[in-house]
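Visitor: Please see the structure below; I have some questions.
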Amino acid sequence: MTGGFGVTGGPDMTGAGSFGCSILPAAAVVSYTDGTLDPASEWSVEAHLPGCKACRAVLAAHTDASRLEANRAELLARIGLPEPGLIGRLLRRCGVPEHVTVLLEATPSLRRSWLAGVLLVLAVAVVTAKLATSPPFGVPALLREPGQTDWAIVDPFLVVAPLLPLAAVAAAFSPPLDPAYRLTSAAPVSMMWLLCVRTVAVIAATLIPVALAALALPGPLWLAVTLLLPALALCGAALGLATLIRPAVAVTGVAAGWMVLVIGLAGPAGMPSAAVGMAAQLTAAAVLLASIALVAARRDTINYGWMG
Amino acid sequence: MTKMVRTGEAGGTAPAAAGLTPRRPATARPALQVEELTRRYGRTVALNDVSLRLERGIVGLLGPNGAGKTTLLSILATVASPDAGRLSLLGYDPAEPAERLEIRRRLGFLPQDLGYHRHFTVAAFLDYVAILKEITNSRARHAEVARVLAAVDLTAKARARIRTLSGGMRRRLGLAQALLGMPELLILDEPVSGLDPEQRLRFRELLSQLPGDPTVLLATHQVEDVTAVCSSVVVLLAGQVRFCGSPAALAAQADGRVWLAAERDAAAELSWRAGDGRWRHIGAAPPPGAGIVAPTAEDGYLVLSGTAGRDGAAS
Numbered sequence: 001m002t003g004g005f006g007v008t009g010g011p012d013m014t015g016a017g018s019f020g021c022s023i024l025p026a027a028a029v030v031s032y033t034d035g036t037l038d039p040a041s042e043w044s045v046e047a048h049l050p051g052c053k054a055c056r057a058v059l060a061a062h063t064d065a066s067r068l069e070a071n072r073a074e075l076l077a078r079i080g081l082p083e084p085g086l087i088g089r090l091l092r093r094c095g096v097p098e099h100v101t102v103l104l105e106a107t108p109s110l111r112r113s114w115l116a117g118v119l120l121v122l123a124v125a126v127v128t129a130k131l132a133t134s135p136p137f138g139v140p141a142l143l144r145e146p147g148q149t150d151w152a153i154v155d156p157f158l159v160v161a162p163l164l165p166l167a168a169v170a171a172a173f174s175p176p177l178d179p180a181y182r183l184t185s186a187a188p189v190s191m192m193w194l195l196c197v198r199t200v201a202v203i204a205a206t207l208i209p210v211a212l213a214a215l216a217l218p219g220p221l222w223l224a225v226t227l228l229l230p231a232l233a234l235c236g237a238a239l240g241l242a243t244l245i246r247p248a249v250a251v252t253g254v255a256a257g258w259m260v261l262v263i264g265l266a267g268p269a270g271m272p273s274a275a276v277g278m279a280a281q282l283t284a285a286a287v288l289l290a291s292i293a294l295v296a297a298r299r300d301t302i303n304y305g306w307m308g
Numbered sequence: 001m002t003k004m005v006r007t008g009e010a011g012g013t014a015p016a017a018a019g020l021t022p023r024r025p026a027t028a029r030p031a032l033q034v035e036e037l038t039r040r041y042g043r044t045v046a047l048n049d050v051s052l053r054l055e056r057g058i059v060g061l062l063g064p065n066g067a068g069k070t071t072l073l074s075i076l077a078t079v080a081s082p083d084a085g086r087l088s089l090l091g092y093d094p095a096e097p098a099e100r101l102e103i104r105r106r107l108g109f110l111p112q113d114l115g116y117h118r119h120f121t122v123a124a125f126l127d128y129v130a131i132l133k134e135i136t137n138s139r140a141r142h143a144e145v146a147r148v149l150a151a152v153d154l155t156a157k158a159r160a161r162i163r164t165l166s167g168g169m170r171r172r173l174g175l176a177q178a179l180l181g182m183p184e185l186l187i188l189d190e191p192v193s194g195l196d197p198e199q200r201l202r203f204r205e206l207l208s209q210l211p212g213d214p215t216v217l218l219a220t221h222q223v224e225d226v227t228a229v230c231s232s233v234v235v236l237l238a239g240q241v242r243f244c245g246s247p248a249a250l251a252a253q254a255d256g257r258v259w260l261a262a263e264r265d266a267a268a269e270l271s272w273r274a275g276d277g278r279w280r281h282i283g284a285a286p287p288p289g290a291g292i293v294a295p296t297a298e299d300g301y302l303v304l305s306g307t308a309g310r311d312g313a314a315s
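Quick mapping for you: the protein sequence lines, in order, are chains A and B.
Residues 1 to 308 (this note's numbering) make up the first sequence, in order.
Residues 1 to 315 (this note's numbering) make up the second sequence, in order.
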């Protein structure tokens, strides 16, 4: 700060007039070019400059061209940065640091197009189920026994819904969908940290619409809750296996395993119990815990050479 | 094209504003030491028992396609791991997680294929990579993005989508992201690929004025770029190091084997018509009426690669 040229005392007039300006001293203009004035004095000088040729001459003589060039470059760079999108604004309002939101916004499965795709799949499932329970396409709910769920209508949703978060997690770390993965692999940012942050974000962004769709289905309300553990278990299993085998093989294998389990082994009558029953919940919890342990134990594989 | 801002000019002010300073060498050890490095892809041996010891400076890595250059650079950039061998970068061992992190903090890497998200603008891409390089403070990051943009003369393209850039501009953008954070070690895979002659000259200027005097390992097919800026050269052929020394020593590989003659000599290992209409021959025996000439580094490289072909060194 320049003494005597601040908010309390106003401009120091010492030296004013000696170079053709009767209002400001040359030193004040020089301090302005150096960026050492306090904000109030800066505003005063800026207000004065347009009307004073002598002060503008001092400004031109003392301006650091390289500093101006750097400022211009920084300004252009900032202009080139896009405004945060819907997800970014939402995350920042939730207190997520700015740099984390930038990383998350680049996640393929958090892009608007991906989320729109998820919503479309869910909407198709819900609308199909609704039509199946309404005349003239299906049996009205009133004709069924009270409290009885028509599982044949809900089954397709049960099979597909837990796979949506799995697909989102896979997309978040898929080299074809994350083309900057090679740069990420050589960067000091912790892949383990990135994995956790992105996984939590994409699971949350996918599970919320899945839960809302489950509530809209003509089934029990607890269906939305019971989908949570199988979905998390599938994601965890895929990430854990990806530390042992190629990520694409791990995700495909887990998805195929889920389909075989709920369709092939359980059979039409056993479908609900296989997907959302107590045994399935306990199994999913066990798989999830084992997966977390595996990922933690193999974290160095994630940090080094996982994608390479 | 506007004048490229010299790194010294742009770097002299913005890094201070960004709170960034060039990293100092961690130790007095060689910048890079590789011992008996081997990497296989199935039955293909990409690197076969490679040993290298490189001091600080700008090092050129020459070799034909498929010689193992990209594999070697990926391992040195800690993106891939070797099947066998020991490695030391800037005095750190990448096999140790904590030391690997220290290497990555000091590393700038330009891969052969620069991946980017389609929706990224130039500035957004650099901002993203800067975050990956742990520059989390937004003000410091934006100043650093501006510095590297100016260094590669892309400031005016900050708002452009990457997919709209020409191949040469994308290469310069790749170089810009490698320069983020003023790395102590720069690993550049084909940095001049797609650049026009003027841009290549500016690339040389940029390399020779990098702040902090980093060690640069530069893989290229352009022998003249190597002789222009590199203090030493490594020639990799069929996954093996066939030469490591100065550009002058590389040229000396062809001493007494380069001839100029009026006629083509079918017995020469290599021959081509020079701009003045005479034939330049590389071979042990002089063609009839030929005069011996001083070899260039390119001649030395051709002798080495020709020798490798005759020896049948295979991967």
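For each residue, glycine too, the CB sits at the ideal point set by N, CA and C.
If you're wondering where the values come from, they're calculated on a predicted model, not measured in any experiment.
Between the alpha carbons of P94/B and T220/B, how many angstroms are there, rounded?
Guide: Their backbone Cα atoms lie some 24 Å apart in a straight line.
Visitor: Just to confirm, does S208/B get its C-beta within under 7 Å of one of the non-hydrogen atoms of the ligand NAD?
Guide: The ligand NAD is not part of this structure, which contains no ligands at all.
Visitor: Please report the residue range of the beta strand (DSSP E) in which N48/B lies.
Guide: Counting along the chain, the beta strand (DSSP E) containing N48/B begins and ends at T44 to L54.
Visitor: For V129/B, which option in A284/A, R111/A, V100/A and W43/A has the closest C-alpha, if you only look at C-alpha atoms?
Guide: Ranking A284/A, R111/A, V100/A and W43/A by Cα distance to V129/B puts V100/A first.
Visitor: To the nearest angstrom, how far is it from the Cα of P108/A to the Cα of V233/B?
Guide: Taking the straight line from one Cα to the other gives about 41 Å.
Visitor: Just checking: is the beta-carbon of R198/A within a distance shorter than 8 Å of some beta-carbon in chain B?
Guide: No - not a single Cβ of chain B is within 8 Å of the one on R198/A.
Visitor: For a cutoff of 8 Å on Cβ pairs, would you count R273/B as touching chain A?
Guide: Not closer than 8 Å to any Cβ of chain A, the Cβ of R273/B fails to qualify, so no.
Visitor: I'd like to know if E298/B contacts chain A, where contact means its C-beta is closer than 8 Å to some C-beta of that chain.
Guide: Chain A, which has no Cβ nearer than 8 Å to the Cβ of E298/B, makes this no.
Visitor: Using a Cβ cut-off of 8 Å (strictly closer), state whether H62/A contacts chain B.
Guide: By this cut-off, H62/A is not an interface position.
Visitor: If we cut at 8 Å on Cβ distances, does A297/A have a partner in chain B?
Guide: No, no contact with chain B.
Visitor: Residue range of the beta strand (DSSP E) that Q199/B falls in?
Guide: Per DSSP, Q199/B belongs to no beta strand (DSSP E); it is in the alpha helix (DSSP H), P197 to S208.
Visitor: Taking the straight line between their C-alpha atoms, what separation do you get for L229/A and S190/A?
Guide: So the alpha carbons of these two residues sit roughly 27 Å apart.
Visitor: Relative to the C-alpha of L104/A, which candidate in A250/A, C235/A, V200/A and V29/A has its C-alpha closest?
Guide: Here the closest residue by C-alpha is V200/A.
Visitor: Which of the three DSSP states, helix, strand or coil, is assigned to E298/B?
Guide: The answer is helix: DSSP assigns E298/B an H, G or I state.
Visitor: For T71/B versus A46/B, is the C-beta distance shorter than 8 Å?
Guide: It is a contact, given that the beta carbons lie within the stated cut-off.
Visitor: Counting C-beta neighbours from all protein chains within 10 Å, is the total for V152/B 16 or more, i.e. buried, or is it exposed?
Guide: Buried, because 16 or more other Cβ atoms sit within 10 Å of the Cβ of V152/B.
Visitor: Have a look at D225/B and L195/B and give me their C-alpha separation to the nearest angstrom.
Guide: Whole-angstrom Cα-Cα distance: 12 Å.
Visitor: Quick check on DSSP: helix, strand or coil for A26/B?
Guide: Unreliable placement is indicated for A26/B, whose pLDDT of 49 sits below 50; no coordinate value is reported for it.
Visitor: Counting only the same chain and skipping the five closest in sequence on each side, list residues whose C-beta sits under 7 Å from that of R118/B.
Guide: Only R163 meet the Cβ criterion.
Visitor: With 7 Å as the limit, tell me which residues of the stretch 106-117 of chain B have their beta carbon closer than that to any beta carbon of chain A; keep them in chain order.
Guide: Under the 7 Å Cβ criterion, the stretch 106-117 of chain B contributes L107, F109, P111, G115, Y116 and H117.
Visitor: Which same chain residues end up closer than 7 Å to R299/A when comparing Cβ atoms and leaving out the 5 residues on each side of it in sequence?
Guide: Hits under 7 Å: M192.
Visitor: Give the interface partners of D127/B over in chain A, defined as CB-CB distance under 7 Å, in chain order.
Guide: Within 7 Å Cβ-Cβ: L81 and V102.
Visitor: Taking T38/B as part of the beta strand (DSSP E), name the residues at either end of that continuous run.
Guide: Run containing T38/B: L32 to Y41, per the beta strand (DSSP E) assignment.
Visitor: Do you know offhand how far L218/B's Cα is from P111/B's?
Guide: Answer to the nearest angstrom: the Cα atoms are 11 Å apart.
Visitor: Residues of the stretch 180-205 of chain A with a CB closer than 9 Å to any CB of chain B: list them in chain order, please.
Guide: Those residues of the stretch 180-205 of chain A that come within reach of chain B (Cβ to Cβ, closer than 9 Å) are A180, Y181, R182, L183, T184, S185, A186, A187, P188, V189, S190 and L194.
Visitor: In chain order, which continuous runs of the beta strand (DSSP E) of length 3 or greater are located wholly inside the stretch 79-152 of chain B?
Guide: Whole beta strand (DSSP E) segments, 3+ residues: 84-89 and 107-110.
Visitor: Provide the residue(s) that pair with S271/B in DSSP beta bridges, ordered along the chain.
Guide: According to DSSP, which records beta bridges pairwise, S271/B is partnered with H281/B.
Visitor: Are any of the Cβ atoms in chain A nearer than 8 Å to that of P97/B?
Guide: Judged by the 8 Å Cβ criterion, P97/B is in contact with chain A.
Visitor: Where Y92/B and R182/A are concerned, what is the direct C-alpha to C-alpha distance, given to the nearest angstrom?
Guide: Going by the C-alpha atoms only, they are around 21 Å apart.
Visitor: Listing by chain order, which chain A residues have their CB less than 8 Å from the CB of K133/B?
Guide: In chain order: A187, P188 and V189.
Visitor: Helix, strand or coil: how does DSSP classify A77/B here?
Guide: If DSSP states are grouped into helix, strand and coil, A77/B belongs with coil.
Visitor: When DSSP labels each residue in this structure, what does L68/A get in the three-state scheme?
Guide: L68/A: helix per DSSP, three-state reduction.
Visitor: So, does the CB of D300/A fall closer than 8 Å to a CB anywhere in chain B?
Guide: Output row for D300/A: interface = yes.
Visitor: Which one or two residues does DSSP pair with F173/A in a beta bridge?
Guide: None, per the DSSP bridge assignment.
Visitor: M182/B: which of V229/B, R105/B and F243/B sits nearest, CA to CA?
Guide: The candidate whose alpha carbon is nearest that of M182/B is R105/B.
Visitor: Please work out which residues of its chain come closer than 7 Å, Cβ to Cβ, to W309/A, disregarding the five sequence neighbours upstream and downstream, and give them in chain order.
Guide: The question about residue 309/A has no answer, for chain A in this structure spans 1 to 308.
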